[in-house]
Amino acid sequence: MNDYSKIKEQLTNQEQSLKKRLDDHLESEKMESLSASTGELSQYDNHPADSATDLYEREKDMALHAQLRHEYEEVQHALEKLQTGSYGVCEKTGEQIPLDRLEANPLARTLRMETNDTKPEYRPVEEEVLGGFGAHNYDGDDRETEFDGEDAYQSVARFNEQDVTYEDNVSEEDESRGSVEQYEDFLSTDMNGYQGEGSISIQHNHSYEKYTEEIDDQE
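Mind the numbering: the sequence shown is residues 1 to 219 in full-length UniProt numbering, read in order.
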């Protein structure tokens, strides 16, 4: 019978280390709500990129915590098998696992690492539309009366039948109209920047220019 005393000591130390890391993780701010950890009562005024960064870090912390929890449960399972005397027995075949494999991987449950060479049956949903509208066109099938892909394209294309492009030239008189607010007078410089009082110019809006022109005409 194999001597698993060194493996048991290794698993016990690993269990204590993982438990400490899990407890520290639960007590840290990583397990708080996103608002509590960031100090923000609302994400409304935050840039989407900043919110995405916080979300990514939170998801990474959750994934690391899940990995720690899984490893901790595997160590506990191995220790329970040591207590019951079933440690080192393959859970698939019931044969004895070589000691070399257990020393390399004390959490091993089978004689050899299982590999899954079969391709998953799940396929991305985007592949359903890669064939274009022809793959979802049922005009030639008298049994199908549903709203197909071609019908959807025609419904959307109807909104482009009206030309909404405004090509008329905008005159200077209409320049001040619209949703843009009138700006007050402001100071400006050229591309060389401030080089004294002589380099400063006063920029007037269209209403001011129109007002000065009326004053000049009255004089």
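Glycine is no exception: its CB is placed at the ideal position from the N, C-alpha and C atoms.
Here the structure is a predicted model, which means the values were calculated and not measured.
Measuring C-alpha to C-alpha distances from D3 to each of L102, E27, Q14, P48 identifies L102 as the nearest. Annotated as proximal: Q10 and P106, with beta-carbon spacing under 8 Å. Remark: C-beta atoms of L111 and T84 do not approach each other more closely than 8 Å.
Contact check for R109 against L68 fails: the beta carbons are separated by 8 Å or more.
Linking E150 to R143 through their CA atoms gives a straight-line distance of about 17 Å. By the Cβ-count criterion, V75 is buried, with 16 or more other Cβ atoms from all chains shown falling within 10 Å of its own Cβ. In this structure, the straight-line span from the alpha carbon of A52 to that of S155 is close to 35 Å. Taking a 10 Å sphere around the C-beta of I200, we find fewer than 16 other C-beta atoms and assign the residue as exposed.
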